[in-house]
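*Asks:* Just passing along the structure, written as structure tokens.
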Amino acid sequence: MMRTTRASLALPLVAGLALGAAAVGTTSAAEATERALAPFPLIDTMGNTTEKTDGDAKSVSTITLDGDSMTIAIRGTGFTPNMPHAQHFHGSFSSDKKFSCPSPKADKDGDGQVNTEEGLPDYGDIVLSLTTKGGTTPKDGLAVERMPVADKDGNLTYERTIRLPEGAGERLQNLVIVQHGVDVNGNDKYDVKALGVSSFAKSKGVDGVPEEATNPITCGQVSDIGTPATDLAPEQVPPVAPPQPGHRH
Ligand SMILES: [Cu+2]
Numbered sequence: 007m008m009r010t011t012r013a014s015l016a017l018p019l020v021a022g023l024a025l026g027a028a029a030v031g032t033t034s035a036a037e038a039t040e041r042a043l044a045p046f047p048l049i050d051t052m053g054n055t056t057e058k059t060d061g062d063a064k065s066v067s068t069i070t071l072d073g074d075s076m077t078i079a080i081r082g083t084g085f086t087p088n089m090p091h092a093q094h095f096h097g098s099f100s101s102d103k104k105f106s107c108p109s110p111k112a113d114k115d116g117d118g119q120v121n122t123e124e125g126l127p128d129y130g131d132i133v134l135s136l137t138t139k140g141g142t143t144p145k146d147g148l149a150v151e152r153m154p155v156a157d158k159d160g161n162l163t164y165e166r167t168i169r170l171p172e173g174a175g176e177r178l179q180n181l182v183i184v185q186h187g188v189d190v191n192g193n194d195k196y197d198v199k200a201l202g203v204s205s206f207a208k209s210k211g212v213d214g215v216p217e218e219a220t221n222p223i224t225c226g227q228v229s230d231i232g233t234p235a236t237d238l239a240p241e242q243v244p245p246v247a248p249p250q251p252g253h254r255h
């Protein structure tokens, strides 16, 4: 898995890790690179959730970096129950562009949904797939069988430690996290009757995937390293779902 990740994501990066480590001021070499980013919210910036869907999906993500090793936790509520929710880092590990989350204006075809392609100009391509196991490359982006599944109440929990390409930790703050999967017609599943087939999945060679499965439901910019935790507004913090035994990876 790591070999695949490195092969597809290894890019010539300027490692700023030494600089960051110096600022932390810890003593041991192991501790010197470990940093926790301020928790940041993932919310529906696109207006894709409605009263017909299960409403207001939102999550909080926390990231700890230890060298090139990233531990990420996501806790969310308001997701389509019992359905998988694909989630990715979007943006680029090799560009300094600051990626962002789309507004409802990104809905170019006027179907009331900002679909995955319509969001691409804002949040960029998939750079890392937040799967529960196995590969995490962009090619794993549609591996819904390895994506977290919301529980019967729509709570979604995720935690994983992922090895990043060398120096990529410094680029995380330019990226956004997008979670996908929204039951637009309110029938508790993803089906092609709602919005048809996902043209995004089709463009990646997978036909027959409902557009509901790939449409974004939340988006959030990774917090800048050093952002105070108080920047997270209380209303953006969903209640923390109790940890699910055997659900950690
Ligand atoms: Cu995505």
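Read in order, the letters of the sequence shown are residues 7 to 255 in our numbering. Glycine included, C-beta positions come from ideal geometry on N, C-alpha and C. Keep in mind that this is a model prediction, so the values were computed, not measured.
May I have the straight-line CA-CA distance separating THR77 from VAL182, to the nearest angstrom?
*Replies:* Those two C-alpha atoms are separated by around 16 Å.
*Asks:* Buried or exposed: which applies to ASP128, given that a residue is buried once 16 or more other Cβ atoms fall within 10 Å of its Cβ?
*Replies:* buried
*Asks:* Taking buried to mean at least 16 other C-beta atoms within 10 Å of its own C-beta, is LYS64 buried or exposed?
*Replies:* buried
*Asks:* Given 8 Å as the limit, is there contact between the stretch 214-230 and the stretch 162-175, that is, 3 or more CB pairs closer than that?
*Replies:* no
*Asks:* Using the C-alpha atoms, what's the distance from SER205 back to ASN193?
*Replies:* 21 Å
*Asks:* Pick out the complete alpha helix (DSSP H) segments inside the stretch 64-106, 4 residues or longer, and give them in chain order.
*Replies:* none
*Asks:* From which residue to which residue does the beta strand (DSSP E) around ALA200 run?
*Replies:* Per DSSP, ALA200 belongs to no beta strand (DSSP E); it is in the alpha helix (DSSP H), 198-201.
*Asks:* When the distance is taken between beta carbons, is LEU136 closer than 8 Å to TYR164?
*Replies:* Taking a C-beta distance under 8 Å as the contact criterion, TYR164 and LEU136 qualify as a contact pair.
*Asks:* At what residue ranges does the stretch 117-147 contain a whole run of the beta strand (DSSP E), taking only runs of 3 or more?
*Replies:* 132-135
*Asks:* Since GLU172 is in the beta strand (DSSP E), which residue starts that stretch and which ends it?
*Replies:* Looking at the DSSP string, GLU172 is not in any beta strand (DSSP E), and its letter there is neither H nor E.
*Asks:* Identify, in the order they occur along the chain, each residue of the same chain with its Cβ nearer than 8 Å to the Cβ of GLY140, setting aside the five sequence neighbours on each side.
*Replies:* MET7, ASP146, ALA149, ARG152
*Asks:* Considering only heavy atoms of ligand 1, list every residue whose Cβ is less than 5 Å from one of them, following chain order.
*Replies:* HIS94, VAL184
*Asks:* Closest to ALA207 by C-alpha separation, out of GLY187, GLY226, ASN191, would be which residue?
*Replies:* GLY187
*Asks:* In whole angstroms, what is the alpha-carbon distance linking LYS210 and GLY73?
*Replies:* 32 Å
*Asks:* Mapping the DSSP letters down to three states, classify PRO222 as helix, strand or coil.
*Replies:* strand
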